[in-house]
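For the sequence shown, my numbering gives the first residue as 14, with consecutive numbering after it. Using N, Cα and C, we set each Cβ at its ideal position, and we do this for glycine too.
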Amino acid sequence: MITIDKLTQSLTLFFASLAISTSASATPTPIYLTNWTQQGNFGNWIVSTDQKSVTQTLNGAPTFFVSPNNFINSLIKGKLKVKPEGNLDNDFIGFVFGYQSPIRNSINTLNHWEFFLFDWKQNSQTVNLNYRAYVGFSLTQINGSKIDNLLHFWQHTDTPEFNVLATDYGLHKGWLDNTEYEFALLYQTNRIKIDIDTKTIFDVSGAFKAGRVGFYNFSQKGAHYSNLTYEPVSVPEPNSPLTLLISTIFCLNWKLFHKQ
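As structure tokens, then:
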């Protein structure tokens, strides 16, 4: 039996996809890594000569490689891959967006952390006897100064400064060595949607503001990011034809099911 909840959910997904396909029809624009900068803890980010890819070669504390400009209402795509160098490792790769701080050339933001983080762990692992990191994906909103590497970035303990929005942990959900993945980040004023190889990992709603984008590593060397592009994606206006059509269909179906 089709319920109103199932119908509403199906219609929402259909029209959300329609809105994206109609508004993101422009040819993707390449994003070159010229003028991108390392932020946070020290990392060794090596940019290719064509400025289309970067490799992080150190196994260390959380580090970011961040764009000079802001993005919002954008569909950002790229590729990521871990190419092991020497000893194999199994830690965190990912990316940041809505990035405000820390910024190295600004004293006021140097010790403040504000951004969204999507990270991906290859295997579950416990360190220092107490701190457990799980294989799979997580999406976190970070906004504060009291951020701890092990408690937060490693274990993903939910606190006011480190708000875990969603997780997708589980066996066989870790990244694989020498395997290239395509990622897509839809970042709008009202929505965050993240896909890996066309499979949706997270899709959350809220109120979001423009910020920089960047790549992320924690205790993982040999991470390679490449072929970044973006497309502008508009958010349907409250009284746009698409929005009115969705509202009309919801109302009609509500009346239909209410009479049954």
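> Contact between the region 162 to 171 and the region 109 to 119: three or more CB pairs below 8 Å?
Replying inline: no
>> Here's a check: name, in chain order, each residue in its chain whose Cβ is nearer than 6 Å to the Cβ of Q233, leaving out the five neighbours to either side.
In response: D102, D104, F105, I106
> Given a threshold of 16 other Cβ atoms within 10 Å of its Cβ, counted over all protein chains shown, does K134 qualify as buried or as exposed?
Replying inline: buried
> What is the residue span of the beta strand (DSSP E) that I296 lies within?
Replying inline: Absent from the structure is residue 296, since the part of the chain shown begins at 14 and ends at 273.
>> The beta strand (DSSP E) that contains P81, what's its start and end?
In response: 76 to 84
> Thinking C-beta only, is Q51 closer than 8 Å to F84?
Replying inline: no
> What does a CB cutoff of less than 7 Å around T139 pick up in its chain, not counting 5 residues either side in sequence?
Replying inline: R145
>> Classify I207: buried if its beta carbon has 16 or more other beta carbons within 10 angstroms, exposed otherwise.
In response: buried
> Span of the beta strand (DSSP E) holding G114?
Replying inline: First, the amino acid is wrong: residue 114 is Ser here, not Gly. Start and end: 105 to 114.
>> Check this for me: beta carbons of R225 and N82, under 8 Å apart or not?
In response: yes
> Helix or strand or just coil, what does DSSP make of W133?
Replying inline: strand
> Quick one: what's N230 bridged to in DSSP?
Replying inline: T76, I106
>> Going by DSSP in three states, S36 sits in which element: helix, strand or coil?
In response: Note on S36: pLDDT 48, under 50, position unreliable in the model; the coordinate value appears next. Looking at S36 - three-state DSSP - the assignment turns out to be helix.
>> Short of 6 Å in beta carbon distance, which residues of its chain neighbour I209, apart from the five on each side in sequence? Order them along the chain.
In response: Y194, F196
> What beta strand (DSSP E) runs, 3 residues minimum, are completely inside the region 164 to 250?
Replying inline: 175 to 182, 194 to 200, 204 to 209, 212 to 218, 224 to 231, 236 to 245
> By how many angstroms is the C-alpha of K159 removed from the C-alpha of L93?
Replying inline: 30 Å
>> Going by beta-carbon coordinates alone, are G187 and G149 separated by less than 8 Å?
In response: yes
> What does E127 pair with, by DSSP beta-bridge criteria?
Replying inline: S114, N156
>> Using 8 Å for Cβ pairs, my map puts Y182 next to Y229. What's the rounded Cβ distance?
In response: Actually they are not in contact, since the Cβ atoms of Y182 and Y229 sit about 18 Å apart, beyond 8 Å.
>> Out of S239, Y243, V248, which one is the CA nearest neighbour of S66?
In response: S239
> Going along the chain, which residues of its own chain have a beta-carbon closer than 6 Å to the beta-carbon of G219, five neighbours each way excluded?
Replying inline: none
> Would you say V217 and L88 are within 8 Å of each other, going by their C-beta atoms?
Replying inline: no
> From G235 to D190, what does the alpha carbon distance come to, in whole angstroms?
Replying inline: 10 Å
>> The beta strand (DSSP E) that contains G53, what's its start and end?
In response: 50 to 53
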